[in-house]
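In this note's numbering, the protein residues as written are 408 to 476. Just so you know, even glycine gets a beta-carbon here, dropped at the ideal spot from N, CA and C.
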């Protein structure tokens, strides 16, 4: 039984796959946190732009008279 346990302790076949899986998880977590933080900032930016544009009144153009050829 002790020989079987030692055999599993020395076997490193799945170690690389586990390390890559952990790397992918950490990258995905960083992307999710970054997107959440950036998303809030972009939402605030577009809200302020919309508020500023909503307060703008377009100039009135003088009436035009149709020209007859």
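{"Asked": "Simplified DSSP assignment, three categories, for residue 424", "Found": "helix"}
{"Asked": "Spatial distance of residue 426 from residue 447 (CA atoms)", "Found": "32 Å"}
{"Asked": "Collapsed DSSP secondary structure at residue 546 in the structure displayed", "Found": "A question about residue 546 goes unanswered here, because the residues of the chain that appear run from 408 up to 476."}
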